[in-house]
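Chemist: Using my numbering, the letters of the sequence shown map in sequence onto residues 2 to 66.
Ideal Cβ placement from N, Cα and C applies to all residues, glycine included.
Keep in mind that this is a model prediction, so the values were computed, not measured.
My questions will all concern the structure given below.
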Amino acid sequence: MNNKTYYTLVSVIFFTIAFGHALRLLNEWEAVIAGVVIPLWASLAAVAIAGYLGVRGWQLANKHR
Numbered sequence: 002m003n004n005k006t007y008y009t010l011v012s013v014i015f016f017t018i019a020f021g022h023a024l025r026l027l028n029e030w031e032a033v034i035a036g037v038v039i040p041l042w043a044s045l046a047a048v049a050i051a052g053y054l055g056v057r058g059w060q061l062a063n064k065h066r
């Protein structure tokens, strides 16, 4: 696997994660892990972090043409 393929794949994965958390925020879905309710602000942080990592991966993929 070359660098461009790797960075593109990682970007798609992070964008998918960010999209899922954004859906959770917009629909106010409850998330429970091992009986603990995860607050919505955790998804806000996840959207920011995963979105940033997705953008950076995409930039690196385009840099390695």
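Using DSSP with H/G/I as helix, E/B as strand and the rest coil, what is A23?
Modeler: Helix, per DSSP.
Chemist: Does the Cβ of H22 have 16 or more other Cβ atoms within 10 Å, making it buried, or fewer, making it exposed?
Modeler: Result: buried.
Chemist: Give the secondary structure of A46 by DSSP, where H, G and I count as helix, E and B as strand, and everything else as coil.
Modeler: The answer is helix: DSSP assigns A46 an H, G or I state.
Chemist: For A43, count neighbouring Cβ atoms within 10 angstroms of its own Cβ and tell me buried if that reaches 16, exposed if not.
Modeler: Exposed: under 16 other Cβ atoms inside 10 Å.
Chemist: Ends of the beta strand (DSSP E) at A35?
Modeler: It is not in any beta strand (DSSP E) - A35 carries neither H nor E in the DSSP assignment.
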